[in-house]
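Numbering (this note's numbering), first residue to last: 138 to 450.
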Ligand SMILES: Cc1cc2nc3c(=O)[nH]c(=O)nc-3n(C[C@H](O)[C@H](O)[C@H](O)COP(=O)(O)OP(=O)(O)OC[C@H]3O[C@@H](n4cnc5c(N)ncnc54)[C@H](O)[C@@H]3O)c2cc1C
Ligand code: FES
């Protein structure tokens, strides 16, 4: 039986075992979330032997050359030696500048990094709140304008990350890992095309950044922002958005609660085949948005989406 060496532990596993499952079964505190190769919370470094990797393209060539692998995507066939991701060594340390509640459930976290991060509107980062707890969160801030990284965290799940995030205070430390995501973005060539921003819950965070980027780039065509929330009280950032709508008449805002989403989407009318649509939030909401856009006749290559996949059980 192949053997996995990790942090002075040697674990015997059945051939072709999944590496993440084997580590967790042996009580090794390895971070993980989606189990689908998407969140990158389960990165480990292979420092001896070879792992069978089902999704080698999920990491960059330089990450792979350094030995990084996604534990949830690897099978153990032969003896291997691995190191766990260490947020202190392998990520960048961040200090909480401030945290405040934008609604009953949405926490706004502003982080200051030791070194500046070059990012674009719509991207997300891996946040580490403990050695074995990492989750991806979208950036709501705008590089070059905001002196911090801003994140909007929906704490309703009260899960491993969010139950701790609730208690963060200014001055606390977190680690910021990989910067990822290219689906949600603003292309300056879209200036004259209508823009639809469809956000569910904290899916508003990256779309708020994209909206501000579009306005910064003098987007001239109509922008329609729809925010769907669990309740009226969860339409956070309303004042900021309404202020933008006063300044920029091309911006139109629409709010609806989850139960009213179907009729609200049915009202969306495609006035131009050039429309670009950006969607973000829980997978079932993004699917609902996508279905409506498909029925409205919007070509698939004009739809850009990020899904907030929850932790797989
Ligand atoms: C690319 C990406 C970007 C993200 N950006 C953001 C963001 O900007 N803001 C934000 O608030 N979240 C965001 N998320 C979701 C976030 O990463 C966490 O999944 C979420 O905060 C819950 O983490 P947790 O550790 O508290 O819960 P966990 O401990 O991971 O989960 C607790 C339990 O609740 C379930 N659960 C968790 N979330 C949901 C859900 N939405 N629907 C149904 N069941 C759920 C889990 O399956 C689990 O059973 C993003 C996710 C992805 C993939
Ligand atoms: S990529 Fe492995 S748990 Fe998300």
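By construction, the Cβ of each residue, glycine as well, lies at the ideal position given by its N, Cα and C atoms.
Could you spell out where the alpha helix (DSSP H) holding residue i opens and where it closes?
| i | result |
| --- | --- |
| residue 343 | 341–353 |
| residue 400 | 398–403 |
| residue 423 | 420–433 |
| residue 301 | 297–302 |
Considering only C-alpha positions, which residue in the set the options is nearest to residue i?
| i | options | result |
| --- | --- | --- |
| residue 350 | 421, 324 and 229 | 324 |
| residue 365 | 291, 159, 396 and 384 | 396 |
| residue 441 | 416, 426, 190 and 450 | 416 |
| residue 353 | 361, 147, 410 and 381 | 381 |
| residue 362 | 433, 383 and 335 | 335 |
| residue 358 | 318, 374, 310 and 409 | 409 |
| residue 208 | 231, 229, 272 and 183 | 183 |
| residue 175 | 261, 251 and 218 | 261 |
| residue 322 | 271, 315 and 332 | 332 |
| residue 80 | 303, 390 and 315 | As shown, the chain starts at 138 and ends at 450. That puts residue 80 outside it, with no answer to give. |
| residue 274 | 424, 392, 340 and 167 | 340 |
| residue 387 | 439, 328, 425 and 376 | 328 |
If you count every other CB in all the chains shown that lies within 10 Å of the CB of residue i, and 16 or more means buried, which is it?
| i | result |
| --- | --- |
| residue 206 | buried |
| residue 180 | buried |
| residue 187 | exposed |
| residue 431 | exposed |
| residue 263 | buried |
| residue 247 | buried |
| residue 223 | exposed |
| residue 198 | exposed |
| residue 347 | buried |
| residue 443 | buried |
| residue 255 | exposed |
| residue 355 | exposed |
| residue 284 | exposed |
| residue 404 | exposed |
| residue 281 | exposed |
Could you give the distance in angstroms between the alpha-carbon of residue i and the alpha-carbon of residue j?
| i | j | result |
| --- | --- | --- |
| residue 407 | residue 413 | 10 Å |
| residue 238 | residue 290 | 9 Å |
| residue 156 | residue 213 | 6 Å |
| residue 194 | residue 201 | 9 Å |
| residue 378 | residue 170 | 32 Å |
| residue 220 | residue 145 | 10 Å |
| residue 446 | residue 420 | 6 Å |
| residue 148 | residue 211 | 15 Å |
| residue 233 | residue 286 | 10 Å |
| residue 326 | residue 294 | 38 Å |
| residue 401 | residue 383 | 23 Å |
| residue 343 | residue 153 | 39 Å |
| residue 228 | residue 374 | 30 Å |
| residue 433 | residue 277 | 29 Å |
| residue 455 | residue 172 | Residue 455 lies beyond the residue range present for the chain, which begins at 138 and ends at 450; the question has no answer from this structure. |
| residue 162 | residue 292 | 28 Å |
Between which two residues does the beta strand (DSSP E) carrying residue i extend?
| i | result |
| --- | --- |
| residue 382 | First-last for residue 382: 375–384, but that is the alpha helix (DSSP H), not the beta strand (DSSP E). |
| residue 310 | 310–317 |
| residue 365 | 360–366 |
| residue 262 | 261–267 |
| residue 289 | 286–291 |
| residue 323 | Note, residue 323: premise wrong, no beta strand (DSSP E); not H, not E. |
Please give the ranges of any alpha helix (DSSP H) in the stretch 213–252, keeping only runs that are unbroken, at least 4 residues long and fully inside the region. The qualifying runs are 224–227.
Restricting to runs no shorter than 3 residues, where is the beta strand (DSSP E) found entirely within the stretch 147–209? Runs found: 180–185 and 205–207.
Strictly closer than 5 Å from CB to any heavy atom of ligand 3: give me those residues in the order they appear in the chain. Ligands displayed in this structure: ligand 1 and ligand 2; ligand 3 is not among them.
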